[in-house]
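Student: This is the structure, below, for whatever I ask next.
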Amino acid sequence: MLRIVRLLPILAVAGCLLHHAAEAPTDPNVITFEQIAASGETTILDVITKLHAEYLRDRGQTSIISGTRDVPVVFLNQQEYGPLSTLNDFPAHDIEEVHFFPWHDAMIKFGRKYGGGVVQLITRVD
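Right under this line is the structure:
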């Protein structure tokens, strides 16, 4: 009996570890269709604002000379679509995933002019 009592804490910890190992780690730069649907929002802008408002962050003035600001740009699948305001154009149920690329990743993947980052919308295919 004493042996079983000593094993219980070990078994409990092992069970917790197995449970957590079975769960897939979530990428903080991806919003999945399940998360979009669960949000209850109607536009993809509302979804992003609710779940990851940091995707919409303005990095501020990045050049003293030009005075330009680096804000994320919206991509629809693999093509540039427009400014963040265009996120209102998309019903949430039409989007499979949202990928956010911070400035450093966006510049590598999409080019140097995307220093504010990229919010990439992947559309659903029925």
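Letter by letter, the sequence shown follows residues 69 to 194 in the working numbering.
Positions of the beta carbon are idealized from the N, C-alpha and C atoms, including for glycine.
Considering Glu109, what are the terminal residues of the beta strand (DSSP E) in which it resides?
Tutor: Taken as a continuous stretch (DSSP letters only), Glu109 belongs to no beta strand (DSSP E), as it is neither H nor E.
Student: I believe Phe178 touches Val187 by the beta-carbon criterion, under 8 Å. Please report the beta-carbon distance rounded to the nearest angstrom.
Tutor: Contact doesn't hold; Cβ gap of about 11 Å is too wide.
Student: Is the beta carbon of Leu113 closer than 8 Å to that of Gln103?
Tutor: no
Student: Span of the alpha helix (DSSP H) holding Phe178?
Tutor: Trp171 to Phe178
Student: If we count Cβ pairs, one from each stretch, closer than 8 Å, do we get three or more for the stretch 145-153 versus the stretch 162-174?
Tutor: no
Student: If you reduce the DSSP assignment to three classes, tell me which class Tyr182 lands in.
Tutor: coil
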